[in-house]
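Chemist: Going from the sequence shown to the working numbering is simple: count from 1 and add 106.
We put the CB at the ideal spot given by N, CA and C, even for glycine.
Just so it is clear, the structure is predicted and the values come from calculations on it, not from any experiment.
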Amino acid sequence: MVYSSSDDDRPLAKPNGHVSAAKVTASMDKALDRSVPKATGGGEGFIVRRNNSDAMDVDSPLNNKRKSRTSITKIHYKDDSDSDGAPLAKRQKSKKALESDSDDEPISKSKSNKSSAQKAAIDSSDDDMPLNHLTKKKAAIENAAAREAQAIRAKEAKKKATPRKSIKDESDDDTPLAKSSAKKRQSNGVAAKRKSNGVKKEESDSDAPISKKAKAVTPAKKGKTTPAKETKKDIKDEQEEEEEYEWWNAPKPEDDSIKWQTLEHNGVMFAPAYEPLPKHVKLKYDGQDVTLPLEAEEVSTFWVAMMTPASSHHLDNPKFRENFFKDFAEIIKKAGGAKNSAGEKVPIKSLEKCDFSRIYDHWLAKTEAKKNKNLSKAEKEAAKAEKDKLEAPYLYCLWDGRKQKVGNFRVEPPSLFRGRGEHPKTGRVKTRVWPEQITINIGKKAKIPEPPKGHKWKAVQHDQKATWLAMWQENINGAYKYVMLGAASDVKGQSDYKKFEKARELKKHIDKIRREYTKELKSEIMADRQRATAMYLIDKLALRAGNEKDTDNEADTVGCCSLKYEHITLEPPNNVTFDFLGKDSIRYNETAKVDAQVFKNLKLFKKAPKTDGDDLFDRLTTSQLNKHLNSYMQGLTAKVFRTYNASFTMSRLLRDLEKDPRSKGSIAEKVKLYNDCNREVAILCNHKRTVGAGHEQQMQKLGDRIKGLRYQQWRTKMMMLDIDPSQKKKKGAAYFQIDEDIDKEWILEHQQFLAEEQRTKITKKFEKENEKRKADKEKPMPEKELKERLQVVKELEAKFKKENKSNKVEAEGRGPTVEKFVTAVEKLDDRIKVLETQAEDRDGNKEVALGTSKINYIDPRLTVVFSKKFDVPIEKFFSKTLRDKFRWAIKSVEDADDWEF
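1) Using a 10 Å radius around the Cβ and a threshold of 16 neighbouring Cβ atoms, would you call Tyr694 buried or exposed?
2) Got a sec: is the Cβ-Cβ distance from Arg725 to anything in chain C below 8 Å?
3) Out of Lys459, Val978, Asn514, Lys905, point me to the one whose CA is closest to Asp392's CA.
4) Hey, how far is the Cα of Asp845 from the Cα of His856?
5) Are the CB atoms of Leu649 and Leu722 within a distance shorter than 8 Å?
6) I'd like to confirm the pairing. Which residues does DSSP put opposite Lys900 in its beta bridges?
7) Buried or exposed for Asp977, going by 16 or more other Cβ atoms inside 10 Å?
8) With burial defined as no fewer than 16 other Cβ atoms inside 10 Å of the residue's Cβ, what is the status of Gln703: buried or exposed?
9) I need the straight-line Cα distance from His386 to Arg879, nearest angstrom please.
10) Identify the continuous beta strand (DSSP E) that holds Ile674 and give its terminal residues.
11) Flag this pair as yes or no: are the beta carbons of Ile247 and Arg758 separated by less than 8 Å?
12) Starting from Thr929, follow its DSSP beta bridges and name the residues at the other end.
13) Report yes or no: do three or more beta-carbon pairs, one from the segment 452 to 472 and one from the segment 859 to 868, lie closer than 8 Å?
14) Can you give me the C-alpha to C-alpha distance between Ala411 and Phe426, rounded to a whole angstrom?
15) Contact check, Arg534 vs Asp433 under 8 Å by CB: the rounded distance?
16) Tell me whether the segment 994 to 1001 and the segment 962 to 978 touch, counting them as touching only if at least three CB pairs, one residue from each stretch, are closer than 8 Å.
17) Here's a check: name, in chain order, each residue in its chain whose Cβ is nearer than 8 Å to the Cβ of Glu542, leaving out the five neighbours to either side.
18) Taking the alpha carbon of Lys699 as the point to measure from, which residue in Leu892, Leu627, Glu150, Glu901 has its own alpha carbon closest?
19) Examine the ligand MN and report whether any of its heavy atoms sits within less than 7 Å of the Cβ of Glu450.
20) Whole angstroms are fine: how far does the CA of Tyr603 sit from the CA of Asp596?
21) DSSP state of Ile438, grouped into three classes?
22) In the structure shown, what three-state DSSP assignment does Lys880 receive?
23) Tell me, please, which residues DSSP counts as bridged to Gln510.
24) Tell me Tyr588's beta-bridge partners as DSSP assigns them.
25) Once the 5 residues before and after Leu892 are set aside, which same chain residues still bring their CB inside 8 Å of it?
26) Tell me the DSSP secondary structure of Thr697 in three-state form.
27) Is it the case that the Cβ atoms of Phe1007 and Asp949 are separated by a distance below 8 Å?
28) On the three-state DSSP scale, how would you describe Ser521?
29) Would you tell me roughly how many angstroms separate the C-alpha atoms of Ile437 and Ile454, rounded to the nearest one?
30) Could you tell me the distance, in whole angstroms, from the CA atom of Val142 to the CA atom of Phe747?
31) Starting from the C-beta of Gly599, find all residues in its chain whose C-beta is less than 6 Å away, skip the five residues before and the five after it, and write them out in chain order.
32) Answer with buried or exposed for Asp634, where buried requires no fewer than 16 other C-beta atoms within 10 angstroms of its C-beta.
33) For Tyr642, which of helix, strand or coil comes out of DSSP?
34) Can you tell me the Cα-Cα spacing of Ser691 and Asn736, whole angstroms?
35) Just the C-alpha distance for Cys783 and Arg768, rounded to the nearest angstrom, thanks.
36) Can you name, in chain order, every residue of its own chain whose Cβ lies under 7 Å from the Cβ of Asp720, other than the five neighbours on each side?
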């Protein structure tokens, strides 16, 4: 049976399978009320536990358990480092591009017990008790958001009623960066006379290469000419001059769709040509050597490149093997076939009969040689210089006369496609990209880059609305690949700025949106009720919107709007278990408390005759949802809620930190305080990551460092007793006791580690000195010298052996005194505390994507303000790469300690 849509004049969003009724009648509502017990307590909108057991579905017979999905339980052949499955968005975005999102999956809980908020979330996992602490905090934050939205609208209404008369009046504006912008305009005079930031925009019609004419178009210091030959000082001055261009304070262009006026670049850097294997290195097929055509021989090297420990798991994937061999055999056939030593054709029909071992050995030896391990320092520098010389022409472009770093200027080399998650095309051969496939985008007056000899570009265009420099279509999914500017470029910075400003703009509409979707949760129009329910899940649980997929060519991943019948299980009174593959095929398997009306609606959307495979939100698509959101605010899409919720929550948490006594502590404590807030955002907004494979090893290493310091501290205390045994009575026996977790076995291992560490240090220093002597054409030191230096290690081992036997430690150092040792013990205490804080912080963050949150969700200006207000170096939060990426954020609030999201 398929429900009719005759009662609704809107077309069905998803006409396949069983579809919900067009309208919700009063009798249907009453029937649902009777079947669903009333929920008690709070906690709506929170993940309450990770669902590891089957849960009963209220729509199923009591003795039936929820079906397990084979797509979830089977092994995922996933490589996090591969990004092949995520093509870059086009300028005129497709539906998929508009709906995609780079955020993390929601989080169920943090395993750290360091805060009461986290403990509350964890403790509720088994008994479904209300999450009182988090519920109150989230409710308070949402109430604050509503009050702030009303205040912003009232302020704007007041401004409209009172015309601005001066720049001074403008300084009261609450629009983004208004205060700092007004201050700058006051210092510079009238707004129309805004300084140009030292940048002179020029249109060049020169045909000279960028590397030669860069000096003509890059900014020069005012009143000075730039010499033809650059010195280090010139380069530094030029960089400083370029940094002065503050686009965030520049006047907004009338036509925002025009991205550039002039654009010059040198095209793309192609992958090096294939180097054929030596004649004696051949594939063995069914026991005999075969000669492959050159095209197939290259593909065989793609296979052996996957035989490394980091990638070999792909070779166990049946789909990967099937797809590879299909392409491999087809390439062999098209290129003329494989031949044995007698020149006879050998049909390649089975991957299992292919022996790639000799090709692998050759490939491995060649790869190891490229690592330059045995090269001298001079040889390594020469190799690096050669590499830099090849890349230099492609590193930068001239965008409106300003030098901008290009991001991915290299064309992807041919290889085997891995994809994300369980991609149906994993193992396919990614073919080499030729100039004939590439479209170049460049300024009309700029010199067109020369393609490799004997080739030509597919096309050359001058699209000023595009931000890409080159484009081609790859052969696996037909996706378009783009060469874009780097993350630290003005264009990328403007994109980030707009993203966070869009989230800030949502502040003044959020109360109205929440009020209206809450009202529509009870709408008699099924499409409206489904839309409101989806908005609730996206806002409260931070689910991705999801989008329509080509299941034959893409991994079977879903989001909120594309959830199927089998992806949720309902447990009265208001628990919903979600079980589906999310972005990158990461399994999302969580149980959440939801509003009673939402629970009722989900039960309605699962109403018979719906069954496995049917859409839950059958009258809603992501594009329809985003179109509705756009009616509240221009440019508003579902993904903006994730950025808004994370940034607004973080801003409220940081606002309260001045009252926290820990904010007066050490830098390490302040960093942990910031991370605690970030972690709480992850819990409140339900962001998570999978625990890294190396986490336990990292924690073990950190634990060993802490134990090593405690052992060193104990030895120092024992030296005090060696000088003055009476200290044991003065300070008490407990002061000189070694920690319980440091046993004899660990001490022996640690002593061995210390000796080996010193041996390695001495050997490396010896080798480095000899390397320098060799470079200076001096005679190297003999091995005898190294043996003499290593005598120190033998003395250390003897000392440890004596200490273990006597349980006494002789005082070390020049003029040892009790006071010196007491000071040393105190310093070690400080170091231990710092490491313990780091360990506690790291373990608490193992399931929380703090790094991703800082980059993608939380407005970076919040981090900058925290850094300034609490006197913590920004380097503690942003690496050099991120400082370049968020230069706009650092600069724009450097004089605004009171900036708020």
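Modeler: By the coordinates alone:
1) In the sequence shown, the residue the question calls residue 694 occupies position 588. Counting Cβ neighbours within 10 Å, Tyr694 comes out buried, since at least 16 surround it.
2) Here chain C cannot be found, since the structure has a single protein chain.
3) Position 286 of the sequence shown, counting from 1, holds the residue named residue 392. Minimum Cα distance to Asp392 is reached at Lys459.
4) Here residue 845 corresponds to residue number 739 of the sequence shown, with the count starting at 1. Here residue 856 corresponds to residue number 750 of the sequence shown, with the count starting at 1. Going from the Cα of Asp845 to the Cα of His856 covers about 14 Å.
5) Along the sequence shown, one-based indexing puts residue 722 at 616. Along the sequence shown, one-based indexing puts residue 649 at 543. Their beta carbons are not under 8 Å apart, which means Leu722 does not touch Leu649 by this criterion.
6) What you label residue 900 is simply residue 794 of the sequence shown in a count that begins at 1. Note: Lys900 sits in no beta bridge, so no partner.
7) The residue you call residue 977 lines up with position 871 of the sequence shown. With fewer than 16 Cβ atoms within 10 Å of its Cβ, Asp977 is classed as exposed.
8) The count along the sequence shown starts at 1 and reaches residue 703 at position 597. Classification for Gln703: buried.
9) Residue mapping note: residue 386 aligns to position 280 of the sequence shown, counting from 1. Residue mapping note: residue 879 aligns to position 773 of the sequence shown, counting from 1. So the alpha carbons of these two residues sit roughly 40 Å apart.
10) Taking the first residue of the sequence shown as 1, we reach residue 674 at position 568. That run of the beta strand (DSSP E) goes 674 to 677.
11) The count along the sequence shown starts at 1 and reaches residue 247 at position 141. The count along the sequence shown starts at 1 and reaches residue 758 at position 652. Cβ atoms of Ile247 and Arg758: closer than 8 Å.
12) To locate residue 929, count along the sequence shown from 1; it is residue 823. DSSP lists no partner for Thr929.
13) no
14) Along the sequence shown, read from residue 1 onward, the residue named residue 411 stands at position 305. Along the sequence shown, read from residue 1 onward, the residue named residue 426 stands at position 320. Rounded to the nearest angstrom, the two C-alpha atoms are 14 Å apart.
15) If you number the sequence shown from 1, residue 534 lands on position 428. If you number the sequence shown from 1, residue 433 lands on position 327. The beta-carbon separation of Arg534 and Asp433, rounded to 6 Å, stays under the 8 Å limit for a contact.
16) yes
17) On the sequence shown, residue 542 is found 436 positions in, with the first residue counted as 1. Within the same chain, Glu542 has close Cβ partners His561, Lys562, Trp563, Lys564.
18) Locating residue 699 in the sequence shown gives position 593, where the first residue counts as 1. Out of Leu892, Leu627, Glu150, Glu901, Glu150 has the C-alpha closest to the C-alpha of Lys699.
19) The ligand MN is not part of the structure shown, which contains no ligands of any sort.
20) What you label residue 596 is simply residue 490 of the sequence shown in a count that begins at 1. What you label residue 603 is simply residue 497 of the sequence shown in a count that begins at 1. Going by the C-alpha atoms only, they are around 10 Å apart.
21) For the purposes of this step, residue 438 is taken as residue 332 along the sequence shown, with counting starting at 1. DSSP places Ile438 in helix when its eight states are reduced to three.
22) To locate residue 880, count along the sequence shown from 1; it is residue 774. Three-state DSSP puts Lys880 in a helix.
23) Along the sequence shown, read from residue 1 onward, the residue named residue 510 stands at position 404. Paired residues: Cys503.
24) Taking the sequence shown and counting its residues from 1, the one referred to as residue 588 is at position 482. Paired residues: Met577.
25) Here residue 892 is taken as the residue at index 786 of the sequence shown, counted from 1. Cβ within range, chain order: Ile868, Thr869, Phe872.
26) Counting from one through the sequence shown, the residue named residue 697 turns up at place 591. Correct three-state label for Thr697: strand.
27) For the purposes of this step, residue 1007 is taken as the residue at position 901 of the sequence shown. For the purposes of this step, residue 949 is taken as the residue at position 843 of the sequence shown. No. Outside cutoff.
28) Translated into positions along the sequence shown, residue 521 becomes position 415. Reduced to three states, the DSSP call for Ser521 is strand.
29) The residue given as residue 437 occupies position 331 in the sequence shown. The residue given as residue 454 occupies position 348 in the sequence shown. Cα to Cα, the separation comes out at about 11 Å.
30) Along the sequence shown, one-based indexing puts residue 142 at 36. Along the sequence shown, one-based indexing puts residue 747 at 641. Those two C-alpha atoms are separated by around 30 Å.
31) Locating residue 599 in the sequence shown gives position 493, where the first residue counts as 1. Beyond the five residues adjoining it in sequence on each side, Gly599 comes within less than 6 Å, by CB distance, of Trp994 in the same chain, given in chain order.
32) By one-based count along the sequence shown, residue 634 stands at place 528. Under this definition Asp634 is a buried residue.
33) Residue numbering aside, residue 642 sits at position 536 when the sequence shown is read from its first letter. Helix at Tyr642.
34) Start at 1 with the first residue of the sequence shown, and residue 691 comes out as number 585. Start at 1 with the first residue of the sequence shown, and residue 736 comes out as number 630. For Ser691 and Asn736, the distance between alpha carbons rounds to 29 Å.
35) Position 677 of the sequence shown holds residue 783. Position 662 of the sequence shown holds residue 768. Each residue's Cα considered, the two are about 13 Å apart.
36) What you label residue 720 is simply residue 614 of the sequence shown in a count that begins at 1. Counting only Cβ-Cβ distances below 7 Å, and skipping sequence neighbours, we find Gly123, His124, Lys670, Tyr671.
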